[in-house]
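The numbers in the sequence shown follow our numbering, run straight up by one, and end at 131.
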Amino acid sequence: MECEEIGKKDGNRDNVKRTYTNGEVTIVWEARKCTRSGICVKDNRDVFKPKERPWVKPLNSTTDKIIETVKKCPSGALTYFLVNKGT
Ligand code: SF4
Numbered sequence: 045m046e047c048e049e050i051g052k053k054d055g056n057r058d059n060v061k062r063t064y065t066n067g068e069v070t071i072v073w074e075a076r077k078c079t080r081s082g083i084c085v086k087d088n089r090d091v092f093k094p095k096e097r098p099w100v101k102p103l104n105s106t107t108d109k110i111i112e113t114v115k116k117c118p119s120g121a122l123t124y125f126l127v128n129k130g131t
């Protein structure tokens with residue numbers, strides 16, 4: 045399954061926590077929680093690309109769509125926060 049690629053190249057996968065932002069929303073991914081269900085990939089293939097590094101590409105989608113996809117993550121590995129632009 046393509047999602048087995050997620051986290052593969054990270055030395056200590058269990059402790060990996062990464063953030064990816066498009067300037068409006070920041071996606072947080074915690075490797076140890078990820079069950080590699082592939083739901084994020086199926087829901088938004090433009091952003092979640094397990095065979096690429098970095099595997100999350102937030103500039104490829106709208107903020108609303110990213111949030112929608114993150115909320116579908118069944119394990120809680122994906123979370124998000126809105127970027128405070130200080131306005
Ligand atoms: S939906 Fe969540 S648990 Fe499934 S592959 Fe994506 S990050 Fe991992």
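Note that CB positions come from ideal geometry on N, CA and C, so glycine has one too.
Computed from a prediction, not measured in an experiment: that's the story for all the values here.
Looking at the secondary structure, which residues open and close the beta strand (DSSP E) in which residue i lies?
| i | result |
| --- | --- |
| Glu74 | 69-74 |
Quick one: what's residue i bridged to in DSSP?
| i | result |
| --- | --- |
| Val60 | Partner(s): none; Val60 has no beta bridge. |
| Val100 | Phe92 |
| Thr65 | Thr70 |
Measuring CA to CA, which of the options is closest to residue i?
| i | options | result |
| --- | --- | --- |
| Lys77 | Lys116, Lys129, Val85, Asn59 | Asn59 |
| Cys84 | Arg62, Lys109, Glu68 | Lys109 |
| Pro118 | Gly82, Leu126, Gly130, Ser105 | Gly82 |
| Thr123 | Leu103, Asp90, Lys61, Arg80 | Lys61 |
| Cys47 | Phe92, Asn128, Thr65, Gly120 | Phe92 |
| Ala75 | Lys116, Lys115, Gly120, Thr106 | Gly120 |
| Lys86 | Asn66, Val114, Asn128 | Val114 |
| Lys116 | Gly67, Thr65, Arg80 | Arg80 |
| Asn104 | Arg97, Arg89, Gly130, Glu112 | Arg89 |
| Asn66 | Thr106, Glu112, Gly130 | Thr106 |
Span of the alpha helix (DSSP H) holding residue i?
| i | result |
| --- | --- |
| Thr123 | Premise fails: Thr123 lies in the beta strand (DSSP E), 122-126, not in any alpha helix (DSSP H). |
| Glu112 | 107-115 |
| Ile83 | 83-87 |
State the CB to CB distance for the pair residue i and residue j, rounded to an integer number of angstroms; the pair is presumed to be in contact (CB under 8 Å).
| i | j | result |
| --- | --- | --- |
| Leu126 | Val72 | Incorrect: roughly 12 Å between the Cβ atoms, too far for contact. |
| Pro94 | Glu49 | 4 Å |
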